[in-house]
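Here the structure is laid out as structure tokens; the discussion comes afterwards.
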Amino acid sequence: MQKTLRAGKLNEKVLKLFISTGKDEVLTLIRSLNIRPIVDPVLPTRCSERF
């Protein structure tokens, strides 16, 4: 992970991959650097025109 950070290649897909490993040292590093995954908001949509 350190090599990825130094190269500037950490993106959302790679971050999710690192988190999914579940390794304590990786999760600790992510927390210590205050890196959080981006959460896409769920926007309400209209299902029908009747309201």
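Just so we're aligned: the sequence shown equals residues 0 to 50 in numbering that gives the first Met the number 0. C-beta: ideal position from N, C-alpha, C; glycine also.
If the criterion is Cβ atoms closer than 8 Å, does the pair residue 11 and residue 36 meet it? As a position in the sequence shown, residue 11 is number 12, starting the count at 1. As a position in the sequence shown, residue 36 is number 37, starting the count at 1. Cβ distance < 8 Å, so residue 11 and residue 36 count as in contact.
For residue 23, three-class secondary structure by DSSP: Position 24 of the sequence shown, counting from 1, holds the residue named residue 23. If DSSP states are grouped into helix, strand and coil, residue 23 belongs with the helices.
Check residue 13 in the structure and name its three-state DSSP category. Locating residue 13 in the sequence shown gives position 14, where the first residue counts as 1. If DSSP states are grouped into helix, strand and coil, residue 13 belongs with the helices.
Consult DSSP for residue 3 and reduce its assignment to one of helix, strand or coil. If you number the sequence shown from 1, residue 3 lands on position 4. Correct three-state label for residue 3: helix.
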